[in-house]
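Chains A and B are the protein sequences, given in the same order.
Quick note on numbering: my numbering labels position 205 of the first sequence as 256, and the sequence is numbered without any gaps.
Quick note on numbering: my numbering labels position 232 of the second sequence as 283, and the sequence is numbered without any gaps.
Only one structure is covered here, and it is reproduced in the block below.
Number of protein chains: 2
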Amino acid sequence: MYIHGYGERESERLLAQAASVVRLLHGDTRFPPGSRVLEVGCGTGAQTVSLARNSPGAQIVAFDHAIASLARAIERVAAAGLSNVEFLHADLFALPFEAESFDHVFVCFVLEHLTNPIAALQLVKLLLKPGGSVTVFEGDHGSAYFHPDSAIAQRAIACQVELQRRAGGNACIGRQLYPLLVQAGYDAPSVTPRVVYVDATTPDLVDSFTRKTFTWMVAAVREEALAVRIIDAATFDAGIRDLHRAAEPDGVFCYTFFKGVAAKPAHLPQEGSNGRDV
Amino acid sequence: MYIHGYGERESERLLAQAASVVRLLHGDTRFPPGSRVLEVGCGTGAQTVSLARNSPGAQIVAFDHAIASLARAIERVAAAGLSNVEFLHADLFALPFEAESFDHVFVCFVLEHLTNPIAALQLVKLLLKPGGSVTVFEGDHGSAYFHPDSAIAQRAIACQVELQRRAGGNACIGRQLYPLLVQAGYDAPSVTPRVVYVDATTPDLVDSFTRKTFTWMVAAVREEALAVRIIDAATFDAGIRDLHRAAEPDGVFCYTFFKGVAAKPAHLPQEGSNGRDV
Chain A
52 MYIHGYGERE SERLLAQAAS VVRLLHGDTR FPPGSRVLEV GCGTGAQTVS
102 LARNSPGAQI VAFDHAIASL ARAIERVAAA GLSNVEFLHA DLFALPFEAE
152 SFDHVFVCFV LEHLTNPIAA LQLVKLLLKP GGSVTVFEGD HGSAYFHPDS
202 AIAQRAIACQ VELQRRAGGN ACIGRQLYPL LVQAGYDAPS VTPRVVYVDA
252 TTPDLVDSFT RKTFTWMVAA VREEALAVRI IDAATFDAGI RDLHRAAEPD
302 GVFCYTFFKG VAAKPAHLPQ EGSNGRDV
Chain B
52 MYIHGYGERE SERLLAQAAS VVRLLHGDTR FPPGSRVLEV GCGTGAQTVS
102 LARNSPGAQI VAFDHAIASL ARAIERVAAA GLSNVEFLHA DLFALPFEAE
152 SFDHVFVCFV LEHLTNPIAA LQLVKLLLKP GGSVTVFEGD HGSAYFHPDS
202 AIAQRAIACQ VELQRRAGGN ACIGRQLYPL LVQAGYDAPS VTPRVVYVDA
252 TTPDLVDSFT RKTFTWMVAA VREEALAVRI IDAATFDAGI RDLHRAAEPD
302 GVFCYTFFKG VAAKPAHLPQ EGSNGRDV
């Protein structure tokens with residue numbers, strides 16, 4: 052759910068998101084002591100801290116291709132007093148690991164940026180031991196709705212979706228986790244929705260999620276959206292105002308993340324089967 | 052989430068819905084032994100059975116203004132072997148009950164049909180003892196999204212929403228439960244989303260919810276939508292086909308219901324306050 056992965060504003064937003072939604076997303080994600088876990092595309096480490104804290108006996112290897120993000124992740128994990136994470140500067144499609152060298156893989160807010168998420172999941176599968184698991188998290192901008200409803204706010208959100216599409220990504224990928232995991236050859240995917248429901252009874256979420264995560268993320272594409280002329284400034288700004296309107300005391304905001312867990316088949320599938328690696 | 056409340060097809064749909072989604076919706080709705088509970092607008096009794104079964108010690112009074120629906124509800128509750136329900140043919144705005152004569156009120160899929168849902172909630176509040184609770188359930192058609200995504204399917208859904216709007220209702224009312232309960236003068240509303248997430252791992256839900264509840268409900272407005280010319284037949288039919296496409300093995304369907312619980316203030320509010328009755 053990040054755009055560039057670094058930059059002061061995005062970092063704040065990610066941090067806000069991590070603080071308020073982290074339990075909903077990661078509260079039930081735990082890996083056993085002694086297991087070796089790969090975090091794909093750790094970004095600024097917003098999720099790495101929860102991952103390492105929830106699985107103190109696991110050895111986590113986290114990598115990202117963006118050096119500035121990685122530096123921030125290293126700082127953040129150190130500041131949290133966690134010592135079970137190794138960091139690596141690397142690219143997903145050129146990793147230095149041997150096949151079948153991880154027990155579990157954790158992929159959070161990464162697939163949405165990839166032109167071929169199935170290829171990424173297949174590559175991850177090569178790194179997993181047979182029977183190992185992949186855990187995937189994604190948001191879905193098509194799951195955003197709010198009160199008061201606003202067609203103009205939906206148009207502003209659609210700009211973010213369209214720009215991410217033009218960059219090769221998919222901001223509405225959350226709903227697709229099940230077919231993606233099946234098509235990548237995993238066994239028995241289990242997908243669960245995680246709804247962030249926000250009304251005035253949770254003022255911390257109104258601020259940290261409705262305003263400082265979702266609305267800021269949409270607002271961040273303003274200049275780019277205007278530059279490619281998919282919206283005019285007045286409409287975009289009115290849309291952002293309407294998103295802030297949903298953060299008023301009688302407003303409501305809903306957004307759904309999806310968690311998918313699936314296993315690498317315990318026995319290597321035969322060539323030509325659905326589970327064939329790339 | 053019903054349209055007419057009776058008719059063979061709607062009954063089947065409601066029954067399917069009750070069978071597959073009932074635990075998600077009502078599993079945590081229980082009223083204590085000895086309490087007197089009013090069910091507003093019980094329709095064909097699809098929810099009444101769960102309500103009576105989950106609270107065997109409570110005395111339930113269920114009413115509806117549609118005699119055919121009420122007859123079906125009486126049959127259904129008798130067939131389930133439940134004896135803690137009294138039925139009444141009555142209209143919400145002309146009920147024969149004294150003020151403050153119920154401990155709890157249960158309102159499921161009713162507010163979506165009303166021109167003034169706040170007035171209905173205020174009326175219900177008069178019937179509640181101070182400190183009593185109202186429990187409200189509503190769906191929200193704006194929460195429906197699916198894979199593969201389809202703008203044409205969303206247009207077909209929008210016909211159902213538009214026709215319900217022209218009939219004075221609101222098919223997207225679920226997200227509004229919190230402000231509605233506040234505006235009706237209830238204390239401390241607590242609203243929780245209930246997501247029906249459907250993929251091929253739950254074939255019973257694919258059939259009973261995606262196909263036989265949601266898609267049938269949208270398909271049921273075809274003639275009316277064509278008659279008032281808000282869509283053409285080819286587009287509508289293509290939209291329904293795309294909804295069925297989401298029920299294929301690689302499809303996904305999501306829909307969110309909302310449950311709201313709130314208390315009638317224990318002490319009557321002073322005139323002029325937010326809690327003033329109508």
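We put the beta carbon where it would ideally sit given N, CA and C, even for glycine.
Values in this document were obtained by computation on a predicted structure and should not be read as measured data.
In chain order, L143, L162, L165 place their CB closer than 7 Å to the CB of A171/B, counting only its own chain and leaving out the 5 sequence neighbours on each side.
I118/B is not a Cβ neighbour of E90/B, given a cutoff of 9 Å.
Look at R87/B here: in three-state DSSP terms it is strand. Looking at the DSSP output, T307/B sits in a beta bridge with D191/B, V246/B.
With 16 or more other Cβ atoms from the protein chains shown falling within 10 Å of its own Cβ, A235/B counts as buried. For F309/A, the closest alpha carbon among the candidates R262/A, R292/A, C223/A, S101/A is that of C223/A. In the assembly as shown, D191/B is a buried residue. Its beta-carbon has 16 or more other beta-carbons within 10 Å.
The beta carbon of C210/A does not come within 9 Å of any beta carbon belonging to chain B, so the residue lies off that interface. By the rule that beta-carbons nearer than 9 Å mark a contact, F265/A does not touch chain B. V88/A is the residue among G94/A, D115/A, A141/A, V88/A whose C-alpha sits nearest the C-alpha of N105/A. Secondary-structure assignment with DSSP links E149/B through no beta bridge to anything. Contact between A204/A and D293/A holds, since their C-beta atoms are separated by about 4 Å, short of 8 Å. Its Cα nearest to that of N221/A, the residue N167/A stands out among V257/A, N167/A, P300/A.
One Cα belongs to V212/A, the other to H140/A, and the distance between them is close to 28 Å.
Spatial neighbours of A317/A in its own chain (CB-CB distance under 6 Å, excluding positions within 5 residues in sequence) are listed in chain order as P181, G182.
Burial of G290/B is indicated by the presence of at least 16 other C-beta atoms within 10 angstroms of its C-beta. In the three-state scheme derived from DSSP, where H, G and I count as helix and E and B as strand, H155/B is classed as strand.
Of the other Cβ atoms in all chains shown, 16 or more fall within 10 Å of the Cβ of G311/A; this residue is therefore buried. At a cut-off of 9 Å, the C-beta of G193/B has a neighbouring C-beta in chain A.
DSSP places E137/A outside any alpha helix (DSSP H); the residue lies instead in the beta strand (DSSP E), whose first and last residues are 136 to 140. D200/B sits away from F82/B, with the two beta carbons spaced by 9 Å or more. Taking C-beta separations shorter than 7 Å and ignoring five residues to either side along the sequence, the partners of V233/B in its chain run P240, following chain order. The shortest C-alpha to C-alpha distance from S194/B to any of P300/B, D301/B, G225/B, Q215/B is the one to G225/B. DSSP places K315/A outside both helix and strand once states are collapsed to three, so it counts as coil.
Take the alpha-carbon of S259/B and the one of W267/B: they are about 10 Å apart. Note that the C-beta distance between R206/B and F265/B is not below 9 Å. Taking a beta-carbon distance threshold of 9 Å, F197/B counts as an interface residue toward chain A. The contact set of V246/B on chain A, defined by CB atoms closer than 8 Å, consists of P244, V246, T307 in chain order. At a cut-off of 9 Å between C-beta atoms, D258/B does not count as an interface residue with respect to chain A. Of all residues in the region 216 to 229 of chain A, those with a C-beta nearer than 7 Å to a C-beta of chain B are C223, R226, Q227, Y229, reading in chain order. A103/B is positioned such that its CB atom lies closer than 9 Å to that of A109/B. Within 8 Å of the CB of S241/A, the CB atoms of chain B belong to T252, in sequence order along the chain. Residue pairing by DSSP leaves H295/B without any beta bridge partner.
For V161/B, no beta strand (DSSP E) run applies, since DSSP gives it neither H nor E.
In the three-state DSSP reduction, P199/B falls in the coil class, being neither helix nor strand. Residues of the region 124 to 148 of chain B whose Cβ lies closer than 9 Å to any Cβ of chain A: none.
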